[in-house]
Every structure is written in structure tokens, then in C-alpha cells.
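Here's the structure, in C-alpha cells; my notes come after.
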Amino acid sequence: MKLRECYETYHRDLISVLFHYCGNTQEAEEMVQDVFIKYFEQQEQLENHPNIKAWLMRAGINLCFDRKRHWKVVLRHLHFLKGMEHAQSDPVEIASTLQVALNKLDSRTKMAVILKYMEEYSYQEISQMMSLPEGSVKSMVSRGLSKIEG
Numbered sequence: 121m122k123l124r125e126c127y128e129t130y131h132r133d134l135i136s137v138l139f140h141y142c143g144n145t146q147e148a149e150e151m152v153q154d155v156f157i158k159y160f161e162q163q164e165q166l167e168n169h170p171n172i173k174a175w176l177m178r179a180g181i182n183l184c185f186d187r188k189r190h191w192k193v194v195l196r197h198l199h200f201l202k203g204m205e206h207a208q209s210d211p212v213e214i215a216s217t218l219q220v221a222l223n224k225l226d227s228r229t230k231m232a233v234i235l236k237y238m239e240e241y242s243y244q245e246i247s248q249m250m251s252l253p254e255g256s257v258k259s260m261v262s263r264g265l266s267k268i269e270g
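Here my numbering is used: the first residue of the sequence shown is 121, the next is one more, and so on.
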């Protein structure tokens, strides 16, 4: 099935299902886009799949669970948002609050914090990406978290 035909056939059903899992229309729509990108990338392998709709739904649901798990990891590591996980389950609100907090940081520190806690890179990987000693990256992340906490 061609991508356009698949999208036109299943995108509304997929948005509906993912909305029930994530509770947010915007988030559901973003995940649907990601699912169809994944479908496009694997289109040849899925050519003879017996139930494309089931594959799309499962891929979307898995993506939703992955995103929820990702936010839990972010919130666990960024202890300045402690308790927010229960107070706000809306990923858009969490992202907005997180963005406000991160905007308190200079660009290099912000990048280091994002790479560490949102992208889950190791300090060694971050030091290579930023061309800084590993100890400097650790200090930068620590100072950044302290600044965010106020």
C-alpha cells in the first residue's frame, strides 16, 4: 500500500486511538506523523504484511509508551520538577514548564543539560560533542541544574 493511500485510510483512526492513550490532540497528531515516517522507512518490509492497520496501531501505541517512559526519565533526573509528574500529566504542559526552566541557562549549559537528561547521552559522549573535558561537562550540568532550581 502506498504511503498516501495508507495515510488517507488510517490516519483518523490512528489519531483517535493515540489521543486515548496520551490524552492530548497535538501529541497524538505528532505521534501519527512519526508512525507514518516509520511506515515510510519500512514500507518495503511491510509490503506483504497481513494487517497494516494493526501494525500502524501497535507502532503508535508503542511510540506513546516510549514517550511517556521518556518523560518519566526526564522528570526523575530533573529533580527540580519533582512532583510535577503527578501534578501535570500533559506532556505539552511539562514541555512548556521545562522550556521556561531551561531558558534560564546560557546556550552551552542548556545544551549540556538537554544532552544529558533529555537525550540521555553519557558525560563522555557530551564532552566529545562539545569538545570539552568530561569534568567540565559534569560541572556545567551540575551548575545548570542548580541555577534552574533557583
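Note that CB positions come from ideal geometry on N, CA and C, so glycine has one too.
Round the Cβ separation of residue 268 and residue 224 to the nearest angstrom and send it over; I've been treating them as touching at under 8 Å.
Within the sequence shown, the letter at position 148 stands for residue 268. Within the sequence shown, the letter at position 104 stands for residue 224. Sure, about 6 Å apart at Cβ, within 8 Å.
Return the chain-ordered list of same chain residues with a C-beta closer than 6 Å to the C-beta of residue 142, the five sequence neighbours on each side being excluded.
The residue given as residue 142 occupies position 22 in the sequence shown. The beta carbon of residue 142 is closer than 6 Å to those of 148, 184 in its chain, skipping five residues each way along the sequence.
Sort 180, 170, 168, 166 by Cα distance to residue 133 and report the nearest one.
The sequence position of residue 133 within the sequence shown is 13, counting from 1. Residue 133 has its Cα closest to that of 180, out of 180, 170, 168, 166.
Going straight from the alpha carbon of residue 130 to that of residue 256, what length do you get?
For the purposes of this step, residue 130 is taken as the residue at position 10 of the sequence shown. For the purposes of this step, residue 256 is taken as the residue at position 136 of the sequence shown. Distance between the alpha carbons of residue 130 and residue 256: 49 Å.
Distance, Cα to Cα, residue 251 vs residue 265?
Locating residue 251 in the sequence shown gives position 131, counting from the first residue. Locating residue 265 in the sequence shown gives position 145, counting from the first residue. Taking the straight line joining both Cα atoms gives about 21 Å.
CB-CB length for residue 233 against residue 218, believed under 8 Å:
Locating residue 233 in the sequence shown gives position 113, counting from the first residue. Locating residue 218 in the sequence shown gives position 98, counting from the first residue. Between residue 218 and residue 233 the Cβ distance is about 10 Å, and since that is not below 8 Å, they are no contact.
Could you give the DSSP three-state label for residue 165: helix, strand or coil?
The sequence position of residue 165 within the sequence shown is 45, counting from 1. When secondary structure is reduced to three states using DSSP, residue 165 falls in the coil class, being assigned neither helix nor strand.
Would residue 152 be called buried (16 or more neighbouring beta carbons within 10 Å of its own) or exposed?
Taking the sequence shown and counting its residues from 1, one reaches residue 152 at position 32. Buried, since its Cβ has 16 or more Cβ neighbours within 10 Å.
I'd like to know whether the C-beta atoms of residue 163 and residue 123 end up nearer to each other than 8 Å.
Position 43 of the sequence shown, counting from 1, holds the residue named residue 163. Position 3 of the sequence shown, counting from 1, holds the residue named residue 123. Yes.
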